[in-house]
Amino acid sequence: MKFCAVKQYFDDENNNNITSGASTTMIPLPNVESHPLAILITYCKKHLKIKANNADNKKETEKEMEQYEQELLKKVMPQELTELILAANYLNFKEALDFFCRAVASAIQNKSIEFVRKFFGLESDFELGEEEKLREEFAWSFEGVDED
Amino acid sequence: MEHHMCHLKELSRDILADIFVRTDGSTLASAACACCELHDVARDQSLWRQLCQATWPSTALEEAQHVISSSPIGGFDKFYAYSYPLILHAKGTKPMPFKCPELKTHVSPSELASLVDVYYRKECVLSKVLDGIPEAMNFSHAKDSEYNWNMNSNDCWRWYSNCPFKLELLSLDYDKFTGFYNELSYANNENDNHCHGLDANDEGRGFPSTSGVDDENLRHDYSMELMESLRLSWVLLDKKNGRSVNLSSWKPLLVQKTWPFHGVYLIHFGSIVAVEESLLPHKLSKCIIIVRCKMTEGEGCPKWMEISMQMEDLTGASVSGSKGLMVLNHALNCLQSSNHLEVEQGFHQYEKKRREMMKKKQFRETLIDSFCVTIEITVLVVFCYYFFSF
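Chains A and B are the protein sequences, given in the same order. One point on numbering: in numbering that gives the first Met the number 0, the residue at position 48 of the first sequence is 47, and numbering is uninterrupted. One point on numbering: in numbering that gives the first Met the number 0, the residue at position 118 of the second sequence is 117, and numbering is uninterrupted.
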């Protein structure tokens, strides 16, 4: 069971001796919307399928998973990434959380400060002069930054 | 606009840290300058420590932990900021004024530490930490005790400061008598990677084997491969002032096969340091990191024979030990750049300047020679004239 939060729910149910008929139990997931949940379920199913197909060959599993992840990223909009990360975090789905964090990290890799602000929907809230000081301190990192 | 972009406020610090741990230094820097909250997350020392250890595995070694934590460097972010860019030699660069408070008139060898990492095919194959400069400090600290010098530290320092500057990280001595390669000195050699220097008795007696198969291996030229796959980082840390600098050029400046030991390659890395005229004429010094290694077919990575640092000035003459330490001091406060292209151009400029200088020198010498020859001929002619006229 990849969704550890759901698994925990089932374990708790068993402990309380309540009937845990998997097909009929309703599990409340208040912090997850339907759209990211659907994507996570698809991701999970694909992950398990690839793993089952290439049981012995770990490299093959990784390669296929990478290909699937690349395709998935093309379909997912950057703004959905937050929701996906939050959903994966809530469900305690480690592989998906790992993947989406990687996706965000590569999206902001080697980008300018303005791009990072735009990506996260931020405004500069530094005091007067503080930002200049920081820019000076990190001047070494701004050479070779990608164009926005 | 509400759902347009990733909403930062919804992401907890743990998740942000999870994202940032997968980025590099420049991304962390951009994030730190974006807003207060990202600044707090991106300034987390554990992120920078992980980044430093990933970039320079030598910083993960125990000796390095001790050396870095005992210096006033102020955190792994500062260490990364000082050590990541390379020394830049640009046209018109002026050396830092001597009265600058960070520059001292005397640098003690024990205040410096070197963290060296060698990468082959994008994997780190050798990491070493060298605390101080053993040859300049107390000679009895050196592992080579067979000579039994019994020098005190004053004599040692006097000897070191007048000899050409040399900082040895790793060297294997070729014992001429038995023909075996013996390990002579190995700075801080705990926890080595498997790809370190030649083992004793590796080569058997005398020169490398001359069997048919080995001949072919030795004839194959690995120079191009070494040029493309070998990378070196030599971070010098000033423990007293908490500054560091990367003295290497990252990519090799020179790769050549040494003769007559086929299969042994000499590789140079280095940087150009601007100094004052009072220290060195021509105001430039080249810090060269010499790597000697053996390449054989079928081996995963090169076998290291020597890794050391030397210095020379623009004319190619060696710099003495005491001046070399001053050059290192200047290097710690040099102009830096993360743009490797600019750094390479700096090297080309230096080489060009050097060639021009050598040409001028040669021209001057030719002129003086011809002048002397002319005078000699004139004297001879005059002498003959008077001799034969009487």
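Backbone N, C-alpha and C define an ideal beta-carbon position, used for all residues, glycine too.
- Legend: CB atoms of the region 68-87 of chain A lying less than 7 angstroms from CB atoms of chain B belong to residues PRO77, GLN78, LEU80, THR81, ILE84 and LEU85.
- The C-alpha of A:MET76 is placed about 37 angstroms away from the C-alpha of B:CYS123.
- Interface residue (Cβ-Cβ distance to chain B less than 7 angstroms): A:ALA102 is not classified as such.
- A Cβ-Cβ separation of about 6 angstroms places B:LEU46 in contact with B:VAL20 under the 8 angstroms criterion.
- Going by beta carbons, B:LEU87 and B:LEU129 fall outside the 7 angstroms limit.
- Only those residues of the region 17-33 of chain B whose C-beta falls short of 9 angstroms from the nearest C-beta of chain A are listed: ASP17, ILE18, PHE19, VAL20, ARG21, THR22, ASP23, GLY24, SER25, THR26, LEU27, ALA28, SER29, ALA30, ALA31, CYS32 and ALA33.
- Residue environment analysis places B:PHE78 among the buried positions, since at least 16 neighbouring C-beta atoms fall within 10 angstroms of its C-beta.
- Taken through DSSP and simplified to helix, strand or coil, B:ALA33 comes out as coil.
- Assignment of B:GLU167 by DSSP, reduced to helix, strand and coil, places it in the strand class.
- Counting along the chain, B:LEU129 sits inside the beta strand (DSSP E) bounded by residues 122-130.
- Here B:GLY323 has PHE164 and MET310 as same chain residues with Cβ atoms under 6 angstroms from its own Cβ, once five neighbours each way along the sequence are excluded.
- Near chain A, meaning a CB-to-CB distance below 7 angstroms, the residues of the region 337-365 of chain B are SER337 and ASN338.
- For B:ASP17, the enclosing alpha helix (DSSP H) stretches over residues 12-19.
- The way I'd put it, the region 48-62 of chain A doesn't touch the region 118-138 of chain A; fewer than three beta-carbon pairs between them come closer than 8 angstroms.
- Excluding five sequence positions before and after B:SER317, the CB atoms of its chain that fall closer than 8 angstroms to its own CB belong to PRO163, PHE164, GLN309, MET310 and GLU311, given in chain order.
- Residues are counted here when their Cβ sits less than 7 angstroms from a Cβ of chain A; for the region 72-88 of chain B these are ALA80, TYR83 and PRO84, given in chain order.
- Using a Cβ-Cβ cut-off of 7 angstroms, B:CYS35 is close to ASP124 and PHE125 of chain A, given in chain order.
- Membership of A:VAL115 in any beta strand (DSSP E) is not indicated; the residue belongs instead to the alpha helix (DSSP H) covering 112-119.
- Taking all protein chains in view, the Cβ of B:ILE288 is crowded by 16 or more other Cβ atoms within 10 Å, so the residue is classified as buried.
- Between the alpha carbons of A:LYS110 and A:ARG134 lies a distance of about 14 angstroms.
- In chain order, PRO108, LEU111 and LEU166 place their CB closer than 7 angstroms to the CB of B:ILE132, counting only its own chain and leaving out the 5 sequence neighbours on each side.
- Taking each of A:GLN108, A:SER140, A:LEU80 and A:GLU70 in turn and checking the Cα distance to A:LYS45, the smallest one comes out for A:GLU70.
- In the three-state reduction of the DSSP assignment, B:ILE86 falls in the strand class, which pools E and B.
- Here B:LEU253 is exposed, its C-beta having fewer than 16 other C-beta atoms within 10 Å.
- Contacts with chain B at 7 angstroms (Cβ-Cβ) include A:ILE112.
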